[in-house]
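Below is one structure, written out as structure tokens, with a few remarks after it.
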Amino acid sequence: MHPGYSTDIVIFGGGVAGLWLLNRLTGAGYRAILLENHRLGGGQSIHSQGIIHGGLKYALHGAISGASRATADMPRRWRECIKGRGEVDLSACELLSPGFLLWSGEGMGAGVKAFLGSKAVAGKAEAAAPGEVPPFLRGRGAVYRLPDFVVDPESLIKALAAPHTGRIHQIESSDARDGAEAVRFERATAKRRLHLAKGEGFVSLSAQRYIFCAGAGNERLIEQAGLSLPRCQRRPLKMLAVSGAPLPQVFLHMLGPGLSATPRLTITSHRNAQKPDAPVWYLGGQLAEEGTGRADAAQIAAARRMLAELMPELRMSKLEWRCFAIDRAEPASPGGRRPDNAVIVAEEDVITAWPTKLTLAPVLADLVLRKLREDGIEPAATAQSPAMADPALAKLRRPPAVARPFWS
Ligand SMILES: Cc1cc2nc3c(=O)[nH]c(=O)nc-3n(C[C@H](O)[C@H](O)[C@H](O)COP(=O)(O)OP(=O)(O)OC[C@H]3O[C@@H](n4cnc5c(N)ncnc54)[C@H](O)[C@@H]3O)c2cc1C
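Everything in the sequence shown is counted per the numbering used here, starting at 830 for the first residue and increasing by one.
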């Protein structure tokens, strides 16, 4: 076995959380590497709708909630990054839409109307100008403009990973090894040593902190590290993708007749690599939450009925449909509720981290950096170069490929 490599931080998981954190840590002078066991972004991040929320979505039940407060400053922070002058460089990340619409639907309830006109919402939702309203919504209920905007998740992951190819390493997955563990933590004292399977042998590393940003993979890592905490929850979704030439570019939440924290339907429009002229509408919201118990055909039928009711002029016969089941992976919350903010849980030399929303990746990195400083883990005084040349790390395959959305 190789004598091993030692660093400040080892991050597990190359979704938005791990990659954003890698950028912030190296920017602050820490020596850090990231380990990914499938494809970068291949968990929730690539399948997110890419909406950078500005708070109002989480107030739709009629009050400014914790989640609403947590997300309020996020559009500003992300926009700075996209302009290339923020905490991470997202100048190569594609903006799919600079804005987002909220459509009341027809027959908006009095409660919804009062809430959207209330002081609590001032500055968060403005009536959309006539030119911003898609033709099929004109004259059909109220349309508001939110401070939210939409990024392309694939280009986001590429932009976050590009400066760090020498620090991002492909590791083997336990699932691909017939159940044999691909990751082993050895603990002689409070400090762990990490052994990563590589073919017949292992590559050994040690770090001051191991940070689990592996989404649904955190559960297994917590077990492998022998931790007692934290407990995890999953909230399933059955998302839909529909494509076809007649679809216009649409980015909107559609409210139900009453106030609810989840819009009845959320539509984002994405590129389809195979058919550049035919955008994909990616459908989430209550439709995806309620569809988790349905077979694919039943979920597609439910979505067709909803679109036919909402947009009767849409030519359904030309559309191609796909379903995709995916879990939101989070720390356990009372009653299985959606956590309001990013969460980290520290035990010994491990920090387990969940952004809980793509939007909150910057907050997650703030929390980790603060915790490292509290624990007296300071960055080296001089800038660190990528660790690629280290003979122990050179044994790992690298860098992993970036995942594609399911409709590609
Ligand atoms: C359908 C859907 C739509 C969403 N839409 C939005 C949205 O519009 N806006 C928003 O703000 N949020 C949205 N979210 C939430 C958001 O996508 C997630 O909160 C966020 O992407 C989580 O990022 P992550 O990096 O923690 O996890 P993930 O993106 O799941 O990444 C985890 C990574 O860890 C890797 N991994 C797993 N196990 C291991 C291991 N043992 N070793 C190494 N690597 C490992 C995985 O392969 C993966 O690459 C959405 C979520 C879903 C499911």
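We treat Cβ as the ideally placed atom computed from N, Cα and C, and that holds for glycine.
Being a predicted model, the structure only gives us computed values, none of them experimental.
query, result
"Same chain, Cβ closer than 7 Å to Ala1175, five either side skipped, listed in chain order", "Lys1200"
"Selection from Trp1183, Ala1154, Glu865 that minimises the alpha carbon distance to Ile1167", "Contrary to the premise, residue 1167 reads as Arg rather than Ile in this sequence. Answer by Cα proximity: Trp1183."
"Given 8 Å, three or more beta-carbon pairs between the segment 1110-1118 and the segment 1035-1047", "no"
"Collapsed DSSP secondary structure at Thr1181 in the structure displayed", "strand"
"Proximity winner among Ile838, Gly970, Pro963, Leu1084, relative to Leu885 (alpha-carbon distances)", "Leu1084"
"Arg860 classed as buried or exposed, judged by whether at least 16 other C-beta atoms fall within 10 angstroms", "buried"
"Bridge-paired residues (DSSP) for Lys1067", "Ala1154"
"Any non-hydrogen atom of ligand 1 closer than 8 Å to His1099 Cβ", "no"
"Nearest-angstrom Cα separation, counted from Glu935 out to Leu966", "10 Å"
"Leu1187 beta carbon less than 9 Å from that of Ile779", "The structure shown has nothing for residue 779, since the chain only spans 830 to 1237."
"Beta-carbon gap between Arg1189 and Ala1161 smaller than 9 Å", "Here the sequence assigns Leu to residue 1189, which means Arg is not the residue at that position. Not closer than 9 Å, so no."
"Coil, strand or helix - Thr1095 by DSSP", "strand"
"Status (buried if at least 16 other CB within 10 Å, exposed otherwise) for Glu1052", "exposed"
"Spatial distance of His831 from Ala1223 (CA atoms)", "In this predicted model, His831 has a pLDDT of only 47, less than 50, meaning its place in the structure is not dependable; the value taken from the coordinates is given anyway. Approximately 11 Å between the Cα atoms of the pair."
"The segment 1126-1141 touching the segment 1066-1084, judged by at least three CB pairs closer than 8 Å", "yes"
"For Ile881: DSSP bridge partner residues", "Phe978"
"Which of helix, strand or coil DSSP assigns to Asp1007", "coil"
"Distance, Asp1106 Cα to Leu925 Cα", "15 Å"
"Boundaries of the alpha helix (DSSP H) in which Ile1129 is found, first to last residue", "1125-1139"
"One or two residues paired with Lys1224 in a DSSP bridge", "Looking at the DSSP assignment, Lys1224 forms no beta bridge with any residue, so it has no partner."
"Ligand 1 heavy atom lying under 8 Å from the CB of Gln1078", "no"
"Identified DSSP bridge partners for Ala956", "Tyr973"
"9 Å Cβ cutoff met for Cys922 and Asp981", "yes"
"Euclidean distance between Cα positions of Trp1236 and Trp1110", "10 Å"
"Assigned secondary structure, Val962 (DSSP; H/G/I helix, E/B strand, else coil)", "coil"
"Terminal residues of the alpha helix (DSSP H) in which Glu1015 lies", "No alpha helix (DSSP H) contains Glu1015, which is instead part of the beta strand (DSSP E) from 1012-1016."
"Under the three-state DSSP convention, the category Pro1105 falls into", "coil"
"Reduced DSSP category for Cys910 - H, G, I as helix; E, B as strand; rest coil", "helix"
"Outcome for Asp902 when other beta-carbon atoms lying within 10 angstroms are tallied against a minimum of 16", "exposed"
"Residue closest to Leu1193, alpha-carbon to alpha-carbon, out of Leu869, Glu865, Glu916, Asn866", "Glu916"
"Close beta carbons around Gly883, own chain, < 7 Å, minus the five adjacent residues each side", "Thr900, Ala901, Met903, Pro904, Lys953, Leu975, Pro976, Asp977"
"Near ligand 1: Glu865 beta-carbon under 8 Å from a heavy atom", "yes"
"The segment 1058-1070 in contact with the segment 858-875 per 3-pair CB rule at 8 Å", "no"
"In DSSP terms, what Ser1033 is bridged to", "His1024"
"Contact test: Gln1062 Cβ vs ligand 1 heavy atom, cutoff 8 Å", "no"
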